[in-house]
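Peer 1: Using the numbering used here, the first residue of the sequence shown is number 242, and each one after it goes up by one.
Built from N, CA and C at the ideal position, the CB exists for glycine as well.
Please read through the structure below; I'll follow up with questions.
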Amino acid sequence: MQSRRSIREFKDQPVDLNQITELLELTRYCPTAKNTQLLYWVLVNGAPKVRELSAAVIDTFR
242 MQSRRSIREF KDQPVDLNQI TELLELTRYC PTAKNTQLLY WVLVNGAPKV
292 RELSAAVIDT FR
């Protein structure tokens, strides 16, 4: 984790749903503020839906 970095170059290929599920399961063990453990995830699948949600978020901040 000390050498982690963010990369915003995405490949045009889908991620295996089993890998996503495994990663989301691992987040159950992540620490939360004051151990509140209120974590919620929304999985967005497909480029059209991602573009739609991106546009909605951008409009919200205008």
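Pick helix, strand or coil for L265, following the three-state DSSP scheme.
Peer 2: Residue state, collapsed to three classes: helix.
Peer 1: Since I261 contacts L294 with CB under 8 angstroms, what's their CB separation in whole angstroms?
Peer 2: At roughly 17 angstroms, the Cβ-Cβ gap does not stay under 8 angstroms, so I261 and L294 are not in contact.
Peer 1: Measure the CB-CB distance between L280 and T268 and report whether it falls below 8 angstroms.
Peer 2: Their beta carbons are under 8 angstroms apart, which means L280 touches T268 by this criterion.
Peer 1: Got a sec, what are the start and stop residues for the alpha helix (DSSP H) K220 sits in?
Peer 2: No information on residue 220 is available, as it lies outside the stretch 242 to 303 that the chain covers here.
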